[in-house]
Amino acid sequence: MTNPDTTSANIIDKTFDPAEIEARLYRHWESTGAFRPARPDAKPFTIVIPPPNVTGSLHIGHALDNTLQDVLIRYHRLKGEDALWVVGTDHAGIATQMVVERQLAESTQAVTRQEMGRAAFLRTVWDWKEVSGGTITRQLRRLGASCDWSNERFTMDAGFSAAVTKVFVRLYNEKLLYRDKRLVNWDPKFKTAISDLEVETREVQGHFWHFRYPLADGVKLADGRDHIVVATTRPETMLGDMAVAVNAADARYASVIGKFVELPITDRRIPIIADDHADPELGSGAVKITPGHDFNDFEVGKRAGIAAADMLNIFDAEARVAACDGVPARLVGIDRFEARKTIVAEMEALGLLDRVEDKIVQMPYGDRSGVVIEPWLTDQWYVDAATLAAPAIAAVREGKTKFVPANWDKTYFNWMENIQPWCVSRQLWWGHQIPAWYADDGRVFVAETEAEAQAQAGNIVLRRDEDVLDTWFSSALWPFGTLGWPEQTPQLARHYPGDVLVTGFDIIFFWVARMMMQGIHFMDDVPPFATVYCHGLVRDAKGIKMSKSRGNVVDPLILIDKYGADALRFTLTAMESQGRDIKLDEKRIEGYRNFATKLWNAARFAQSNGIVGSTSAMPPAATAPVNRWIIGEVVETARALDAAMTAFRFDDYASTIYQFAWSRFCDWYLELTKPLLAEGADAGIAAETRAVTGWALDQILVLLHPVMPFLTEELWHKLGSRDHDLIVAAWPVTDARLVDADTAAEIDWLIRLVSEIRGGRAELNVSPAAKLPLHVRDADAATQARIRRQTPALERLARIAAISFEAAPAGGAAQIVVDAATYTLPLEGVIDLAAERARLEKAASAAEKEAAALSGRLASPGFTEKAKPEAVEKAREDLAARSSEATRLRAALARLG
RNA sequence: GGGCGCGUAGCUCAGCGGUAGAGCACUGCCUUCACACGGCAGGGGUCACAGGUUCAAACCCUGUCGCGCCCA
1 MTNPDTTSAN IIDKTFDPAE IEARLYRHWE STGAFRPARP DAKPFTIVIP
51 PPNVTGSLHI GHALDNTLQD VLIRYHRLKG EDALWVVGTD HAGIATQMVV
101 ERQLAESTQA VTRQEMGRAA FLRTVWDWKE VSGGTITRQL RRLGASCDWS
151 NERFTMDAGF SAAVTKVFVR LYNEKLLYRD KRLVNWDPKF KTAISDLEVE
201 TREVQGHFWH FRYPLADGVK LADGRDHIVV ATTRPETMLG DMAVAVNAAD
251 ARYASVIGKF VELPITDRRI PIIADDHADP ELGSGAVKIT PGHDFNDFEV
301 GKRAGIAAAD MLNIFDAEAR VAACDGVPAR LVGIDRFEAR KTIVAEMEAL
351 GLLDRVEDKI VQMPYGDRSG VVIEPWLTDQ WYVDAATLAA PAIAAVREGK
401 TKFVPANWDK TYFNWMENIQ PWCVSRQLWW GHQIPAWYAD DGRVFVAETE
451 AEAQAQAGNI VLRRDEDVLD TWFSSALWPF GTLGWPEQTP QLARHYPGDV
501 LVTGFDIIFF WVARMMMQGI HFMDDVPPFA TVYCHGLVRD AKGIKMSKSR
551 GNVVDPLILI DKYGADALRF TLTAMESQGR DIKLDEKRIE GYRNFATKLW
601 NAARFAQSNG IVGSTSAMPP AATAPVNRWI IGEVVETARA LDAAMTAFRF
651 DDYASTIYQF AWSRFCDWYL ELTKPLLAEG ADAGIAAETR AVTGWALDQI
701 LVLLHPVMPF LTEELWHKLG SRDHDLIVAA WPVTDARLVD ADTAAEIDWL
751 IRLVSEIRGG RAELNVSPAA KLPLHVRDAD AATQARIRRQ TPALERLARI
801 AAISFEAAPA GGAAQIVVDA ATYTLPLEGV IDLAAERARL EKAASAAEKE
851 AAALSGRLAS PGFTEKAKPE AVEKAREDLA ARSSEATRLR AALARLG
């Protein structure tokens, strides 16, 4: 009924073509609502996507982040849970505004947003969003992400915007949000405040200019000098100096504290103050204080009693010198870097330039604009982050939210405990406009609508705040805003809090911290997720961070084109070992593409043998040991995968299913059952084997589906007529009673015996084509029974002609020891006796060496007394086995003569 | 300066108290009727170094060296 196959026959093609399959299956899943099956009675499982920027395109980091989320969501969907992956995009205020402004500048009209006006500009941004904003969500589909697209969200949607406004108003009314004049990181290119997290500190070669500031009123230093030397990396800021600070403990300056200097160029008198910020060990020990343009100086200024409103602001929004107390008119309007040259030249001309030295300086740059950030004194809206952080810290301390790997909680605590007031206003147009209205007299009215503000204000003219909110202010509401908050929707009741947040560790400050604060505050103290899974960065094969400028970025879409989405997903999953950075080597992807092909071919083989998918999750009844064995192996594999997923060990998950599918199922089970399916074999056993193979293959498809959804869904339908898609199939039964220890032991023995015989043959250069007779010595009744049962398998896999329990004929032979029995392959005339002697000698020595080590350990006094009883018991068993093996190998050596 | 982490096979990485593992690469053999994007077999590691704890250490502790990242 839901068969997505559009080809006429269900025959598995000789070649596996990911591109065709992926496009077809994704459309099928999405159009049939498979990503969000209705399961009202099931346990909810919820992930909210870290919303990608609407301007973005899929890079390899997204591919990793979303692959992991999809593995989780598909796994939980298969487990029968009510799995919801909330998806959507973020309006990305500054990034989007930049993109659209650039397009406008490059367009034929070459128009600026100021020329257009706010309303027209915003219409243009929305138009852009409708046309180009879907890039990344289309690309997520290429990856196979099974998100709930039917409820896709955007942070600027009406409902979400209403939530943002409500949060702003509530925080304001709770006095957790306020307007204040403080220093911000000002981006003179975009003319907006930016977050300190958007400031990138770079080391650049700069200078340290030492200026002489003349002491006022004829005062002299203890050493007789009439000036104080201060050094600065930013000479132009001297125009805004409001003090010179010295350390109270510095004897050189003790006598001048409280006196004044004549600030050159400006002819302003500024005080000499005592402050611990001045380090006697650094430079002259005296520092100029520019409270309006330096974060440290701002604090010094406040300690000295200067109110923020009185601090001098010497730059305008574009960082040009502004008209200001004492600043000469000739300097007004010139750019800050020009001003620097001018000031230095003028100081030199005044004979006040003491000296200049080269200095590496830490320079703040805007991570998007690339220009030097100016600490600037402005009125902005601030959230009292410290108050909101307290319960967010407690939630992690109390284990309500866990970081995986756990050590990220240290990073979280460190940042949260030192959190600064959060500046949430931005001087942009694209974003949530701040719901604050001003009266001409400066009064502020904060309300959800203009009408409400007007009602508060009475019959006066109001003007709305032109600024918008920081994008993170809105995305902090993502875990509940996407579920309909502030409406108390059934979705919200059911899917908040989320189970897991999957994100890069680099986003802990930006986003995780903010979601924790807002989630707890607005959702009755319930943090937004139980687990925060932090993965690492994807680097190139050499371990270098990918960047456009280095040209070492790998495009996930190109990798998908080349190897298929499944191979890329498997690679990223297999390499994800709890937060460690991933060095992505294309060879690895190629290897997992090969794995996909391997499974494809195994399914082809099964199909050509009349094997079809099972109709029941329960395994078929089985009598043959190999069938009973594989059933047990499937169950144990499913249990191991459950354990891996519970522990968020994506790498374990991938390697467990890889090993099982390839090294167990393909290499052994399919080979061991070939004789059972051959012509002339027992019809009952053949039928049982077909049923078990079909069942086991089905289970592999289910178990692998979270990582390789396309290949597995395709094979699921190729192998049988199904009444549902694999994406909504049931996880295998994991009943331990399905594991039969006796058959497991028998197949384990068989595998060891075949491997030993193969090894011996290869080492002795016996032609792979030659079929040899096998003589068994010292086999007990149980072993003889096993040999009889497994004769067809031994004949095929070990290339044995006939098995005899009679003594081998005299003469050269290869001898194999497995457990208590010795197996002889007569090779009179062809065997290299020396080589066989060497082989046996090597094996005997190894066994003896190990036996000696074990008996040494058992003889040591402390071991048997202090070690765990299991460890002692195991050592005894191992010793017995190794000694026995050594004895038999020595006997074999003796027989060889 | 503070914090986090990493140094295990040629490469990329698991393992984190009981005899060293995987994938890739490498070597030999194999056109065996699912698969050469394959099969079979094999070589390769004083687990950075030095001390210590322990009956037992790649794994725990201390220090040294080397390499990252974050914050100031």
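For the first sequence, position 475 matches number 475 in full-length UniProt numbering, and the numbering has no gaps at all. Cβ coordinates follow ideal geometry from the N, Cα and C atoms, glycine included. Quick caveat: nothing in here was measured; it's all calculated off a predicted structure.
Item	Value
Spatially closest choice to A810 from A83, G829, A802, by CA coordinates	G829
Closest by C-alpha distance to L25, when choosing among G93, Y213, L726	L726
DSSP bridge partner residues for G206 (one or two, in chain order)	K359
Residues near P675 by beta carbon distance below 8 angstroms, same chain, minus five either side	A681, P792, A793, E795, R796
Spatial neighbours of T887 in its chain, beta-carbon cut-off 8 angstroms, leaving aside the 5 residues before and after	none
Terminal residues of the alpha helix (DSSP H) in which G498 lies	Note, G498: premise wrong, no alpha helix (DSSP H); beta strand (DSSP E) at 498 to 504.
DSSP bridge partner residues for Q815 (one or two, in chain order)	T824
Rounded separation between R303 and V502 - CA only	43 angstroms
A880, buried or exposed, once every other Cβ within 10 Å from all chains shown has been counted against 16	exposed
Three or more C-beta pairs below 8 angstroms linking the segment 251 to 262 and the segment 307 to 318	no
Supposed contact pair D367 and V199 - C-beta distance, whole angstroms, cut 8 angstroms	7 angstroms
Segments assigned alpha helix (DSSP H), at least 4 residues, entirely inside the segment 128 to 191	135 to 143, 158 to 173
Continuous beta strand (DSSP E) stretch holding D379: start and end	374 to 383
D82 burial status per 10 Å Cβ neighbour count (16 or more: buried)	buried
Beta carbon of P214 nearer than 9 angstroms to that of E262	yes
C-beta atoms of E236 and A339 nearer than 9 angstroms	yes
Beta bridge counterpart(s) of S804 as assigned by DSSP	H775
Expected contact under 8 angstroms - CB spacing of D566 and L711 to nearest Å	5 angstroms
V204 burial status per 10 Å Cβ neighbour count (16 or more: buried)	exposed
Rounded Cβ spacing between R118 and W429 (contact assumed at less than 8 angstroms)	5 angstroms
Beta-carbon spacing of R539, I508 below 9 angstroms	no
Reduced DSSP secondary structure (H/G/I, E/B, other) of Y253	coil
Continuous beta strand (DSSP E) stretch holding A227: start and end	Correcting the residue type first, residue 227 is His in the shown sequence and not Ala. 227 to 232 is the extent of the beta strand (DSSP E) around H227.
Rounded C-alpha distance that separates R761 from E22	45 angstroms
Straight-line gap, T734 to L72 (C-alpha atoms, nearest Å)	19 angstroms
Coarse secondary structure for A894, derived from DSSP in three states	helix
Strand pairing of R269, partner residues [DSSP]	E262
Cβ neighbour criterion (16 or more within 10 Å) applied to R580	exposed
Own chain, CB closer than 8 angstroms to D223, minus 5 neighbours either side, in chain order	R252
Rounded C-alpha distance that separates C423 from T112	27 angstroms
Same chain, Cβ closer than 6 angstroms to Q518, five either side skipped, listed in chain order	A476, L477
P625: first and last residue of the uninterrupted alpha helix (DSSP H) it sits in	625 to 646
Nearest-angstrom beta carbon gap, I631 and V692 [assumed within contact, 8 angstroms]	7 angstroms
Element boundaries [alpha helix (DSSP H), containing W429]	Note, W429: premise wrong, no alpha helix (DSSP H); not H, not E.
Beta-carbon contacts of Q456 that lie in its chain and below 7 angstroms, excluding the five residues immediately before and after	F445, A447
Residues near W381 by beta carbon distance below 6 angstroms, same chain, minus five either side	R179, V424, S425
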